[in-house]
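Engineer:
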Amino acid sequence: MRLFAHVPFGVSLLAIWGLLTLIGVIVEQGKDPSFYAGAYAPPIARLIVRLDLDNIYHSAAYLGVIGLILCSMAAATFTKVIPRRIPRLNPVKIDAIPLHATVHVSGDAESARERIAAFFAARGWQVRKREFGGTEWTFADKNNWARRGVLVAHIGFVLIAAGTTIYWAKGYSGQFAVLSGQTATIPENGTTVDLKRFAYRIDPVQTKAGTVYQPIDYVSDATITGRDGVAHNAIIRVNQPYDADGTLIYQATYGFAIDFRLTKDGRPVPGPDHPLKEGEGFAIDGTSRAIQYQRFVGTIDRSTGQPGADPRPNDPGIVIQAFDGDRPVGGALIPLGQPVDLGAGYKLDAARYVLYSGFQYRYDPGIPVVGIGAFVLLAGLCISFYFLPARLFVLVRDAAGGGAEVGLAATTVRGYEVFEERFAEIIEAVRRTEPVAPENEVTTTPVLGGV
Amino acid sequence: MDPTRQLLDQALLEIGIAAYVTGALVLFAYFLTRRPVLRSIGMPLAILGAASQFAELGARWWMTGVWPLTNLYGSLSLFSACAVTIFVVFAYRYEMDFIGGPVLALAAIALGYATTWNEGYMPAVPALQSYWIKIHVPIVITAYASFMVAFCLSLLYLVKAAVEHRYRTGSPSVRGVAAGAGASIDVPLNYAALPGFGAVRTDTPALASAAAAGDGAAQWLSGLPSLAKLDIMQYRVIAVGLPLLSLGIITGAMWAKEAWGAYWQWDPKETAALLSWIVYAAYMHLHTRPEWRGTRTSIVSVIGFASIVFCYLGVNIWISGLHSYKM
Ligand code: HEM
Numbered sequence: 007m008r009l010f011a012h013v014p015f016g017v018s019l020l021a022i023w024g025l026l027t028l029i030g031v032i033v034e035q036g037k038d039p040s041f042y043a044g045a046y047a048p049p050i051a052r053l054i055v056r057l058d059l060d061n062i063y064h065s066a067a068y069l070g071v072i073g074l075i076l077c078s079m080a081a082a083t084f085t086k087v088i089p090r091r092i093p094r095l096n097p098v099k100i101d102a103i104p105l106h107a108t109v110h111v112s113g114d115a116e117s118a119r120e121r122i123a124a125f126f127a128a129r130g131w132q133v134r135k136r137e138f139g140g141t142e143w144t145f146a147d148k149n150n151w152a153r154r155g156v157l158v159a160h161i162g163f164v165l166i167a168a169g170t171t172i173y174w175a176k177g178y179s180g181q182f183a184v185l186s187g188q189t190a191t192i193p194e195n196g197t198t199v200d201l202k203r204f205a206y207r208i209d210p211v212q213t214k215a216g217t218v219y220q221p222i223d224y225v226s227d228a229t230i231t232g233r234d235g236v237a238h239n240a241i242i243r244v245n246q247p248y249d250a251d252g253t254l255i256y257q258a259t260y261g262f263a264i265d266f267r268l269t270k271d272g273r274p275v276p277g278p279d280h281p282l283k284e285g286e287g288f289a290i291d292g293t294s295r296a297i298q299y300q301r302f303v304g305t306i307d308r309s310t311g312q313p314g315a316d317p318r319p320n321d322p323g324i325v326i327q328a329f330d331g332d333r334p335v336g337g338a339l340i341p342l343g344q345p346v347d348l349g350a351g352y353k354l355d356a357a358r359y360v361l362y363s364g365f366q367y368r369y370d371p372g373i374p375v376v377g378i379g380a381f382v383l384l385a386g387l388c389i390s391f392y393f394l395p396a397r398l399f400v401l402v403r404d405a406a407g408g409g410a411e412v413g414l415a416a417t418t419v420r421g422y423e424v425f426e427e428r429f430a431e432i433i434e435a436v437r438r439t440e441p442v443a444p445e446n447e448v449t450t451t452p453v454l455g456g457v
Numbered sequence: 052m053d054p055t056r057q058l059l060d061q062a063l064l065e066i067g068i069a070a071y072v073t074g075a076l077v078l079f080a081y082f083l084t085r086r087p088v089l090r091s092i093g094m095p096l097a098i099l100g101a102a103s104q105f106a107e108l109g110a111r112w113w114m115t116g117v118w119p120l121t122n123l124y125g126s127l128s129l130f131s132a133c134a135v136t137i138f139v140v141f142a143y144r145y146e147m148d149f150i151g152g153p154v155l156a157l158a159a160i161a162l163g164y165a166t167t168w169n170e171g172y173m174p175a176v177p178a179l180q181s182y183w184i185k186i187h188v189p190i191v192i193t194a195y196a197s198f199m200v201a202f203c204l205s206l207l208y209l210v211k212a213a214v215e216h217r218y219r220t221g222s223p224s225v226r227g228v229a230a231g232a233g234a235s236i237d238v239p240l241n242y243a244a245l246p247g248f249g250a251v252r253t254d255t256p257a258l259a260s261a262a263a264a265g266d267g268a269a270q271w272l273s274g275l276p277s278l279a280k281l282d283i284m285q286y287r288v289i290a291v292g293l294p295l296l297s298l299g300i301i302t303g304a305m306w307a308k309e310a311w312g313a314y315w316q317w318d319p320k321e322t323a324a325l326l327s328w329i330v331y332a333a334y335m336h337l338h339t340r341p342e343w344r345g346t347r348t349s350i351v352s353v354i355g356f357a358s359i360v361f362c363y364l365g366v367n368i369w370i371s372g373l374h375s376y377k378m
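Each protein sequence line maps, in turn, to chains A and B.
Residue 324 in this note's numbering is what sits at position 318 of the first sequence, and the numbering runs on without skipping anything.
Residue 264 in this note's numbering is what sits at position 213 of the second sequence, and the numbering runs on without skipping anything.
1) DSSP three-state call for A:Pro-341: helix, strand or coil?
2) Quick one: is B:Pro-223 buried, meaning 16 or more other Cβ sit within 10 Å of its Cβ, or exposed?
3) Which of helix, strand or coil does DSSP assign to A:Arg-94?
4) Can you tell me whether A:Met-7 is buried or exposed, with buried defined as 16 or more other CB within 10 angstroms of its CB?
5) By Cβ distance, which residues of its chain are closer than 7 Å to B:Leu-257, with the 5 residues on each side in sequence left out?
6) Since A:Cys-388 meets chain B, which of its residues come closer than 7 Å, beta carbon to beta carbon?
7) Candidates A:Asp-223, A:Asp-251, A:Ile-29, A:Ala-205: which alpha carbon is nearest A:Asn-195's?
8) I'd like to know whether the C-beta of B:Leu-127 is nearer than 8 Å to at least one C-beta of chain C.
9) I'd like the span of the beta strand (DSSP E) that includes A:Gly-349, first residue to last.
10) What alpha helix (DSSP H) runs, 4 residues minimum, are completely inside the stretch 50 to 99 of chain A?
11) Hey, is B:Phe-202 close to the ligand HEM, as in C-beta under 7 Å from one of its heavy atoms?
12) Return helix, strand or coil for A:His-238, following the three-state DSSP convention.
13) Measuring only from the beta carbon, is A:Gly-304 closer than 7 Å to any heavy atom that is part of the ligand SAM?
14) With a cut-off of 8 Å, do at least 3 Cβ pairs link the stretch 70 to 77 of chain B to the stretch 90 to 107 of chain B?
15) Which residues does DSSP pair with A:Asp-223 in a beta bridge?
16) Strictly under 8 Å for the Cβ-Cβ distance: is B:Ser-181 near chain A by that measure?
17) I need the DSSP call for B:Arg-90, collapsed to helix, strand or coil.
18) Considering only residues of the same chain and omitting the five flanking positions on each side of B:Cys-203, which have a CB-CB separation below 6 Å?
19) Who are the near neighbours of A:Arg-358 in its chain, counting only those whose CB is closer than 6 Å to its CB and skipping five residues on each side?
20) What residue range is occupied by the uninterrupted beta strand (DSSP E) comprising A:Lys-353?
21) Between the alpha carbons of B:Leu-58 and A:Thr-213, how many angstroms are there, rounded?
22) Just mark A:Phe-383 as buried or exposed, buried being the case when its beta carbon has 16 or more other beta carbons within 10 Å.
23) Report the CB separation of B:Phe-141 from B:Val-288 in whole angstroms; it is logged as a contact under 8 Å.
24) Report the rounded CA-to-CA distance for A:Val-335 versus A:Arg-295, giving the unit in angstroms.
25) If you measure beta-carbon to beta-carbon, which residues of the stretch 170 to 184 of chain A are closer than 7 Å to chain B?
26) B:Pro-294: buried (16+ other C-beta within 10 angstroms of its C-beta) or exposed?
27) On a Cα-Cα basis, can you pick out the residue from A:Arg-318, A:Leu-282, A:Gly-277 that is closest to A:Val-303?
28) Work out the CA separation of A:Ile-75 and B:Met-199 for me, nearest whole Å.
29) How long is the line joining the alpha carbons of B:Asn-241 and A:Glu-426, rounded to whole angstroms?
30) Hey, is A:Phe-163 close to the ligand HEM, as in C-beta under 7 Å from one of its heavy atoms?
31) Compute every distance between the C-beta of A:Lys-86 and the non-hydrogen atoms of the ligand HEM, then say whether any falls below 7 Å.
32) Does the distance between the C-beta of B:His-187 and the nearest non-hydrogen atom of the ligand HEM fall short of 7 Å?
33) Evaluate B:Pro-246 with the Cβ neighbour count: other Cβ atoms within 10 Å of its Cβ, from every protein chain shown; 16 or more gives buried, anything less gives exposed.
34) Are the Cβ atoms of B:Ala-324 and A:Asn-245 separated by less than 8 Å?
35) Hey, is B:Gly-312's beta-carbon within less than 8 Å of any beta-carbon in chain A?
36) Would you mind giving the Cβ-Cβ distance between A:Asn-4 and A:Thr-229, rounded to the nearest angstrom? I have them listed as a contact below 8 Å.
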């Protein structure tokens, strides 16, 4: 428990958390092992896969460190943050506190004490008086409540962790693509999405580097049927999800599915039975060959026969790759609607494209808790950083040559330097408002090293 | 866009760069010589540079109707303008003008680099067409900018502390005079009581004695704020940056939830921001311990700024993801 509550231990855990996070940023996440084998030297690639560095954020080590941080934070909160009450009001050696000053004022000690107490009370300080062995002390506190800022910040962090756990326990998410005119079903809740039409807008923009084709809008026009069984019209755009019974459906991607026709010696033979999306492929029956549809080319540059810059389907084609077993045997850019010869009497026609829309969906009942946690955390930070609990010790005595001598010292939860300017201002204000004694000698305000 | 307007855009940009470059030189000279006249020239240049940059971004927005922070040019411009603004505010509030040279130099470098990403006037891609961009980006950039100012202070702290270390003789420094001060929650280190003068934080005694003995470098360095003050200045600037970074991550998460479906997707950019957040959270925890304040926290602040540069530029340029401006 002692170790867990130790701040340097907590900081070490934060450092490990930071390090694991850094690895996660540098090593691409969620690829399959062949990707790492290609991208890194063999021992490193093996290490990445073996140590789960390819899925680090959900690895035991990562979750374990966060768990330890929560334990450490809880231990510190219960042993240090919560029990830390306001220190007892005790007399101090004023001159021994780095922030101190003495001001000579007129009147006797009793009246000066009252004036000083009223002075601080009027400026929002909580003033308390105590007598110790016949000497009366005045204590003035400011922002004492702000000691709770740390507690608030720590609670915020716990709430965020709790909200995330709620999602893991009860939420779900996924993605699906629907071809125009077709219907998809979200398995977790049975909602159906019937895509009537997908549209996009891409504009050519002149920049210094030449023409850039900038996407402006993606929009799916769909009919969505949720739990109530009623079909609702839905226009789904980027940044404008649709809420189906608490499950949000988002516009994520789009693409051009291709309707392939395969013939052998002029007669149709079985090819793919549905339009294929980028990355999908099919085997040619009775051979060891397969064809993969790699990507869509909106505009074929007729002068070079190569893909042009404009992604819009002006003169469309597709890039295909042929495989023999697992071995690539050649690729080609083929225009839509113009059959190409695959050899051995086979001809492939990329007959037409069908736009499809890619959606993501997500049900996350933890969001309100995470949201509240985030703002509680932020409030805790602001309280801790901007409201500095400070205490003034004031001792007023009759001065030898008449009048009274006011000794002031200040301390804060964050040392003295942070309060230096403020203390100087306070002393200055006391001086300005206090009638000075005859033969006044004023002690200089404290200086903790200067610019 | 009509050429007069483009000319205005270009002129404002050039004024900004020119003001930063000359301001940086003048304030470096002030840093070296402490001649007040140099500060009186340098500070207005800093203000002029930031003002013309804000005007340039505003002019772009007005002229094209497109929010100017959708590419690296706009965001880096805002970064340098914010860093200089934060510096100016802190300089007037807490006498921090001496750090103007490095701040303006970094601002000039950021702005110069920004111009290499100046593609002209592009409309935003669908993912960036959201009111969130107007909330999230300025907050995050302001956080980065304050960390940049803190970074300059941390470097200065580390230099001063290292030199102090070199000058230090075997003599024990004055320690803990006030350690018995009852209700003090911290353990004050190295305070020397001076009769009639409160107390002086003597955390550079070796430097001070070398200065008294006529050592020029020591004289110059001991004229800078004490280590304790440099530490508090860093703390204050980071105390602006960390809540802003937190708010930036929160608003980013809110936007992500609206745009991509999940408030957190472990996208490289958001994860790198989390990394920076962790580093500065560690800074704050170290800073609660008097004996760790100073050199260690300054090193963490330097690491923190390195993580910011990585998050801001490294991820955008080297690691593609949902956040890359190049998408
Ligand atoms: C890793 C485990 C952690 C431990 C052991 C720990 C412990 C502590 C302790 C003991 C303090 C009070 C220090 C003092 O004023 O003397 C503190 C302050 C604080 N903690 Fe934590 N904490 C941990 C994690 C976190 C996390 C993850 C957050 C983020 C929400 C956080 C936010 C804060 C804040 C904002 C303060 C106030 C700092 C200041 O006043 O400058 N802590 N922590």
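Glycine included, every Cβ here is placed at the ideal spot set by N, Cα and C.
Structural biologist: In short:
1) strand
2) With a pLDDT of 38 at B:Pro-223, under the threshold of 50, the predicted position of this residue should be treated as unreliable, and no value is reported.
3) coil
4) exposed
5) The sequence given here has Ala at residue 257 of chain B, not Leu. Leaving aside the five residues that flank B:Ala-257 on each side, the residues in its chain whose CB is nearer than 7 Å to its CB run, in chain order, Glu-215, Tyr-218, Arg-219, Thr-220.
6) Chain B residues near A:Cys-388: Pro-294.
7) A:Asp-251
8) Of the protein chains in the structure, A and B, none is chain C.
9) Per DSSP, the unbroken beta strand (DSSP E) holding A:Gly-349 starts and ends at 346 to 349.
10) 66 to 82
11) no
12) strand
13) Ligands present in the displayed structure are limited to the ligand HEM, and the ligand SAM is not among them.
14) yes
15) Answer by DSSP bridge pairing, in chain order: A:Arg-207.
16) yes
17) In this structure, B:Arg-90 counts as helix in the three-state DSSP scheme.
18) Ile-150, Pro-153, Val-154
19) Asp-265
20) Taken as a continuous stretch (DSSP letters only), the beta strand (DSSP E) holding A:Lys-353 covers 352 to 369.
21) 16 Å
22) The displayed chain sequence assigns Leu, not Phe, to residue 383 of chain A. Buried: at least 16 other Cβ atoms inside 10 Å.
23) 6 Å
24) 9 Å
25) Residues Ser-179.
26) When all chains shown are included, B:Pro-294 counts as buried.
27) A:Arg-318
28) Straight through space, the alpha carbons of A:Ile-75 and B:Met-199 are spaced by roughly 28 Å.
29) Note that B:Asn-241 scores 47 on pLDDT, short of 50, meaning its location in the model is unreliable; the coordinates nonetheless yield the value given after this. Their backbone Cα atoms lie some 16 Å apart in a straight line.
30) True, at least one ligand heavy atom lies under 7 Å from that Cβ.
31) yes
32) no
33) At B:Pro-246 the pLDDT is 38, less than 50, meaning the model places this residue with poor confidence; the figure from the coordinates comes in the next sentence. So B:Pro-246 counts as exposed.
34) B:Ala-324 places its beta carbon 8 Å or farther from that of A:Asn-245.
35) yes
36) The first residue shown for chain A is 7 and the last is 457, placing residue 4 of chain A beyond what the model contains.
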